[in-house]
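Trainee: Residue numbers (full-length UniProt numbering): 1 to 281.
From the three backbone atoms N, C-alpha and C, an ideal C-beta is built for every residue, glycine too.
These figures come from a predicted structure and were not determined experimentally.
Have a look at this one before I ask anything.
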Amino acid sequence: MGNNLNHNHPPTMSSMRNAVQRRNHKERAQPHERSKWGLLEKHKDYSKRAADHNLKKRKLKALQQKASERNEDEFYFGMVNAETKGGIKQGKRGEENSGGSGGRSLPEAVVKLMKTQDVGYLGLVVQRTRRLRERVEREVVSGEVGVDGRGSGRGMGGKKVVFDEEGEVVGGGEAEEKVDDVGMDLDDLADLDGLDGLDDGADVDMQEEEDEGLSKEELAARRRKKNALKAKQRYLDALRDREEQLTEALRRVEAQRARMNGTVGGVNKNGVKFKVRERKR
């Protein structure tokens with residue numbers, strides 16, 4: 001009787017559904033108008049972020065439980081040399097300079113070589129910044145700010161146009177002769193060109209009277225000169241700050257290298273200053 005059973009079952013709904021060709025799955029891309037917000041986060045990205053968040057929560061919970069169950073009478077020999085400040089463990093020099101080497105500091109010869117290269121590079125950058133600062137300072141003090149006059153229609157396209165203190169166009173040779181005749185500092189020049197003194201009503205009226213007899217092209221050229229001078233002044237201030245910071249960094253690196261070579265003193269861990277003295281032979 002069992003041999004007469006028919007094992008050819010009719011197809012089920014699931015097998016029929018799998019037999020039908022379905023549309024290929026395509027993940028939604030970030031719309032073009034939202035491209036400035038970066039890549040569109042997919043569900044797998046959220047899953048990874050959520051798993052990492054939950055893992056960190058579990059670690060924090062385990063650490064909190066371990067801290068709450070800590071035995072205050074516990075002792076290990078690392079406590080002898082360990083230091084804490086406000087309950088926070090302070091790292092040692094070897095741990096801070098480990099660089100992933102398990103608390104081992106670099107050899108002294110390697111550190112000396114690194115300090116030498118740092119001093120050479122910083123000295124080069126300081127020298128380059130100083131030269132650039134001096135050049136920009138001369139340009140600001142002398143008022144030599146070049147303006148491209150191609151839009152004026154006077155055949156000055158592609159040439160450097162230099163203005164004097166009155167806003168008039170002068171030649172390149174005359175501007176060079178006037179460099180030594182300028183007896184003012186940067187603050188006086190800023191007041192002269194309207195950078196700081198335009199708040200007073202008398203200065204505004206005087207400026208308007210001077211601008212009445214000028215054409216539109218001359219007014220535009222004068223305005224360009226003032227804007228360029230303001231930009232030069234801001235650039236000069238930034239160069240001064242950078243030169244000061246680089247000089248301080250160079251001084252500190254040179255002091256570190258001198259202490260490592262034993263040519264100068266230093267400060268020990270107790271804050272006591274000392275000097276290196278040559279051993280008597």
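Alpha carbon to alpha carbon, what distance is there between S15 and E27?
Mentor: Approximately 26 Å, taken between the alpha carbons.
Trainee: Does the count of Cβ pairs from the region 224-237 and the region 125-138 closer than 8 Å reach three?
Mentor: A contact exists between the region 224-237 and the region 125-138.
Trainee: Cα separation between F77 and A29?
Mentor: The straight-line gap from Cα to Cα measures roughly 58 Å.
Trainee: Using DSSP with H/G/I as helix, E/B as strand and the rest coil, what is Q21?
Mentor: DSSP places Q21 in coil when its eight states are reduced to three.
Trainee: Count the other CB atoms within 10 Å of the CB of L60; is the residue buried (16 or more) or exposed (fewer)?
Mentor: Burial call: exposed.
Trainee: DSSP on T116, reduced to helix/strand/coil?
Mentor: Reduced to three states, the DSSP call for T116 is helix.
Trainee: Can you round the beta-carbon distance between E243 and V126 to whole angstroms, since I take them to be within the 8 Å contact cut?
Mentor: Contact holds; Cβ gap of about 7 Å.
Trainee: Buried or exposed for V253, please, with buried defined as at least 16 other CB atoms from any protein chain shown within 10 angstroms of its CB.
Mentor: Buried.
Trainee: Please confirm whether L214 and R222 have their CB atoms less than 9 Å apart.
Mentor: Yes, these two residues count as a Cβ contact at 9 Å.
Trainee: Just how far apart, CA to CA, sit F75 and K66?
Mentor: Between F75 and K66, the C-alpha separation is close to 16 Å.
Trainee: Taking the straight line between their C-alpha atoms, what separation do you get for E108 and K56?
Mentor: Their Cα atoms are separated by approximately 39 Å.
Trainee: Distance, Cα to Cα, S35 vs L113?
Mentor: Between S35 and L113, the C-alpha separation is close to 47 Å.
Trainee: Can you tell which of E33, K216, H53 and R240 has its C-alpha closest to the C-alpha of R131?
Mentor: The option with the nearest alpha carbon to R131 is R240.
Trainee: On the DSSP bridge assignment, give the partners of T84 in chain order.
Mentor: Per DSSP, K89.
Trainee: Quick check on the burial criterion: 16 or more other C-beta atoms within 10 angstroms. Buried or exposed for L219?
Mentor: Burial call: exposed.
Trainee: Just to confirm the assignment, what range does the alpha helix (DSSP H) spanning E244 have?
Mentor: That run of the alpha helix (DSSP H) goes K216 to N261.
Trainee: Less than 9 Å between the C-beta atoms of L39 and L250, yes or no?
Mentor: Not closer than 9 Å, so no.
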